[in-house]
Amino acid sequence: MSSAPPDPPGFELPLRLFLAFRVIIDELHAELAREGHPEMRPMHGFVFQAIGPGTTAVELGRRVGVSKQAAGKMVETLERAGYVERTADPADARRKIVRLTPYGVDALARSARIFDRIRDDWVRRLGAGQVRALEGALRAMTPDDLWRLDMPGWFGTA
82 MSSAPPDPPG FELPLRLFLA FRVIIDELHA ELAREGHPEM RPMHGFVFQA
132 IGPGTTAVEL GRRVGVSKQA AGKMVETLER AGYVERTADP ADARRKIVRL
182 TPYGVDALAR SARIFDRIRD DWVRRLGAGQ VRALEGALRA MTPDDLWRLD
232 MPGWFGTA
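And the structure:
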């Protein structure tokens with residue numbers, strides 16, 4: 082008579098979830114680099130989503146959960162790489178609005194296509210039913226708000 086293997090320790094679940102995230106993000110960034118975006122980093126995706134159609138550096142910092150100074154440095158880095166631009170706010174010339182450039186929009190569009198391809202790879206390896214079941218289980222266990230943009234700040238807290 083054989084018995085089922087013991088359940089893994091509780092700490093394994095978050096580590097496996099994080100490893101799955103890491104595998105996907107590493108694959109995304111390797112492909113983005115091959116497609117002309119070698120400067121892209123995992124944090125940039127959160128920042129691009131937080132910028133949306135345009136925002137200030139202060140608001141960007143609030144959205145991603147970092148200080149005003151850290152947000153300013155992120156904007157400078159992304160501006161040097163050509164992903165964002167700062168323009169005067171038409172309502173208040175003292176404020177600068179941060180917007181994605183066409184290069185930044187291209188990175189987002191490529192990311193969406195690559196994510197779809199990666200999901201298709203998972204479907205080929207695991208089967209469509211298993212991937213849908215995994216996604217359904219994760220939806221059941223996580224908040225409805227898919228866009229938790231404060232991850233950079235959350236990871237950086239002590």
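Add 81 to the 1-based position in the sequence shown for my numbering, that's all there is to it. All C-beta atoms in this analysis are idealised placements derived from N, C-alpha and C, irrespective of residue type, glycine included. The structure presented is a predicted model; accordingly, all values stated were derived computationally and were not measured.
Worksheet item: Within the chosen definition, does the segment 154–166 reach the segment 181–201 through at least 3 CB pairs nearer than 8 Å?
Response: Contact between the segment 154–166 and the segment 181–201 is present: three or more C-beta pairs spanning the two stretches fall below 8 Å.
Discussion item. What does the Cβ neighbour count give for residue 94, buried or exposed, with the cut at 16 atoms within 10 Å?
Written reply: One-based indexing of the sequence shown puts residue 94 at position 13. Exposed, since its Cβ has fewer than 16 Cβ neighbours within 10 Å.
Discussion item. Using the Cβ count rule (16 or more neighbours within 10 Å means buried), how would you classify residue 144?
Written reply: Along the sequence shown, one-based indexing puts residue 144 at 63. Taking every protein chain shown into account, the CB of residue 144 has 16 or more other CB atoms within 10 angstroms, so this residue is buried.
Practice prompt. Output the distance between the C-alpha atoms of residue 207 and residue 179, rounded to the nearest integer angstrom.
Written response: On the sequence shown, residue 207 is found 126 positions in, with the first residue counted as 1. On the sequence shown, residue 179 is found 98 positions in, with the first residue counted as 1. Their backbone Cα atoms lie some 41 Å apart in a straight line.
Discussion item. Can you tell me whether residue 113 is buried or exposed? The criterion is at least 16 other CB atoms within 10 Å of its CB, across all chains shown.
Written reply: What you label residue 113 is simply residue 32 of the sequence shown in a count that begins at 1. Flag for residue 113 reads buried.
Discussion item. Which complete alpha helix (DSSP H) runs does the segment 129–211 hold, if anything under 4 residues is left out?
Written reply: Qualifying alpha helix (DSSP H) stretches, in chain order: 138–145, 149–161 and 183–207.
Fill in: Cα-Cα separation, residue 214 to residue 92
One-based indexing of the sequence shown puts residue 214 at position 133. One-based indexing of the sequence shown puts residue 92 at position 11. As the crow flies, the alpha-carbon of residue 214 is around 22 Å from that of residue 92.
Practice prompt. Report all residues from its chain with a CB closer than 6 Å to the CB of residue 90; omit the five preceding and five following residues, and keep chain order.
Written response: Your numbering for residue 90 matches position 9 in the sequence shown. Scanning its chain for C-beta atoms nearer than 6 Å, with the 5 sequence neighbours on each side dropped, one finds no residue around residue 90.
Worksheet entry | Residue interval of the alpha helix (DSSP H) (run including residue 85) | Mapped onto the sequence shown, residue 85 falls at position 4. Boundaries for residue 85: no alpha helix (DSSP H) harbours it, and the DSSP string shows neither H nor E there.
Item to complete: Could you check which residue in 172, 211, 198 and 88 has the C-alpha nearest to that of residue 136?
Response: As a working note, residue 136 is residue 55 in the sequence shown. For residue 136, the closest alpha carbon among the candidates 172, 211, 198 and 88 is that of 172.
Worksheet entry | Beta carbon of residue 149 nearer than 8 Å to that of residue 139 | Position 68 of the sequence shown holds residue 149. Position 58 of the sequence shown holds residue 139. With respect to residue 139, residue 149 sits close: the two C-beta atoms are nearer than 8 Å.
Item to complete: Please work out which residues of its chain come closer than 6 Å, Cβ to Cβ, to residue 168, disregarding the five sequence neighbours upstream and downstream, and give them in chain order.
Response: Numbered from 1 along the sequence shown, position 87 holds the residue referred to as residue 168. For residue 168, the CB contacts under 6 Å within the same chain, skipping 5 residues up- and downstream, are 178 in chain order.
Practice prompt. Please classify residue 219: is it buried, with 16 or more other beta-carbons within 10 angstroms of its beta-carbon, or exposed?
Written response: Counted from its first residue, the sequence shown places residue 219 at position 138. So residue 219 ends up on the exposed side.
Worksheet entry | Helix, strand or coil at residue 92 [DSSP, three-state] | Along the sequence shown, one-based indexing puts residue 92 at 11. In this structure, residue 92 counts as coil in the three-state DSSP scheme.
Discussion item. Buried or exposed for residue 84, going by 16 or more other Cβ atoms inside 10 Å?
Written reply: The residue labelled residue 84 in the question sits at position 3 within the sequence shown. Taking all protein chains in view, the Cβ of residue 84 is surrounded by fewer than 16 other Cβ atoms within 10 Å, so the residue is classified as exposed.
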